[in-house]
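Sequential numbering from 27 applies to the sequence shown in our numbering. The beta-carbon is built from N, C-alpha and C at its ideal position, and this holds for glycine as well. None of these values were measured; they are calculated from a predicted model.
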Amino acid sequence: MQLHEAVDLKEAYSVSGANKAVQEGWKLLAIAPGANGVTYVLGKSADKEKPKLPTADEIARANNR
């Protein structure tokens, strides 16, 4: 994702804060120097993740009910 694709933005001010956000589904967009250290810029896109398609086994099980 690129910065212009993000609809939600947030900043983290520590590596652990940035890592936590990434684990929650945020994407790391930039790392910028700041007056008090590093600022991690994170974002989420408007596009929802594409739904997972069923596997062949899942389809076969559903058809055998």
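Residues 53, 55, 69, 70 and 71 of the same chain have their beta carbon placed closer than 8 Å to that of residue 32, with the five preceding and five following residues left out of the count. Where residue 37 is concerned, the enclosing beta strand (DSSP E) starts and stops at 32-38.
The alpha-carbon separation between residue 28 and residue 67 amounts to approximately 12 Å. The alpha-carbon separation between residue 61 and residue 78 amounts to approximately 43 Å. The three-state secondary structure of residue 53, taken from DSSP, is strand.
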